[in-house]
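Working notes for the structure below.
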Amino acid sequence: MNVMRTEKLQKILDRALCAVFPRRCIYCGKVIVPERQICTECETNLPCIAAPICPLCGHAKADCICKQKKHKYKAICAPFYYEDAIVQAIHRLKFENKDFLSVPFASDMAACVRREYADIAFDAVTFVPFTKRQMRLREWNPSETLAKAFAEQLNLPLEPLLVKLYETKTQHTLESSARTGNVFGVFDTADPNAVAGKTILLVDDIKTTGATLHECAKMLMLADAEAVYACTFAVTKHRNKASEK
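As structure tokens, then:
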């Protein structure tokens, strides 16, 4: 009886709080009823990446146009394409400072890893780093925040294995052809001894061309990592062959 009374009081409290601070869909941000986390539209229309996927580009195999183009990371997976409500979701996380969204987003990523990398024993999770100046300006790194929640859900240690040496232009502002050069040589390992022999899960929020993840994985492999696999919350869906060249 006490349990039932406690649950009833909790529901009343939740509704009172939601009257002042309306609950919003974790993806699109629409106001929803207190009992839900996701609006009905997102529940049925999220741009999920359906298995089987191409491990080299992260797309569903039905959408894959990568022609088996290889990167320094061994495989990439993500739960969503970067479109529709997922664009809004990442915008809210990165630019509206909704860092609490990292927990449900990391849950989506962890489910994807459990499915796609089920037979792989990882030693550590790491993330795409910011420069010191970026950290001063932004105060927090969305990739690191995602990686922290992600590592907790997979029961793996989070290790800051990479450093970013130089400032770069924001990748999404550049043409695809310029993105590789923009990040070339800007990352290094924080401590090569902490990398050697490890199978590492590399986290970022979005994968577009894969240039950033490639450079990070390259430095980890040069420090004698056993293997590097990547996971992001979303990948940009390429719609024509020219975009993968």
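According to our numbering, the sequence shown is numbered sequentially starting from -5.
In this text, a Cβ means the ideal position worked out from N, Cα and C, and glycines have one as well.
Treat the numbers as computed from the prediction; the structure is a model and nothing was measured.
Length of the line joining the Cα atoms of residue i and residue j
| i | j | result |
| --- | --- | --- |
| K64 | L87 | 30 Å |
| H85 | D93 | 11 Å |
| L159 | V222 | 21 Å |
| C22 | L40 | 10 Å |
| A45 | D102 | 14 Å |
| A145 | V197 | 10 Å |
| E37 | I26 | 12 Å |
| S171 | A104 | Only weak support is given to the placement of S171: the predicted model assigns it a pLDDT of 48, under 50, and the value that follows is read from those uncertain coordinates. So the alpha carbons of these two residues sit roughly 31 Å apart. |
| I47 | C58 | 8 Å |
| T206 | G179 | 10 Å |
| Q82 | E110 | 25 Å |
| R127 | D185 | 20 Å |
Within 8 Å, strictly: CB atoms of residue i and residue j
| i | j | result |
| --- | --- | --- |
| P73 | F227 | yes |
| Q264 | P136 | With the chain running from -5 to 239 in the structure shown, residue 264 is simply not present. |
| V189 | Y76 | no |
| P154 | T120 | yes |
| A100 | A143 | yes |
| L156 | C210 | yes |
| E161 | T125 | yes |
| H51 | C42 | The sequence as given places Cys at residue 51; His does not occur at that position. No, Cβ-Cβ distance for C51 and C42 is not below 8 Å. |
Presumed contact (8 Å Cβ cut-off) between residue i and residue j, rounded CB distance
| i | j | result |
| --- | --- | --- |
| V107 | C225 | 5 Å |
| H208 | Y67 | 7 Å |
| I20 | L95 | 6 Å |
| K192 | D117 | 4 Å |
| L214 | I194 | 6 Å |
| R17 | P28 | 5 Å |
Closer than 8 Å to chain B by CB, residue i
| i | result |
| --- | --- |
| T193 | Structure shown: chain B not included; a single protein chain is present. |
Closest residue to residue i among the options (Cα-Cα distance)
| i | options | result |
| --- | --- | --- |
| N91 | R17, E133, E161, L156 | E133 |
Legend entry - Validate contact between the stretch 69 to 84 and the stretch 210 to 218 using beta carbons, cut 8 Å, 3 pairs: no
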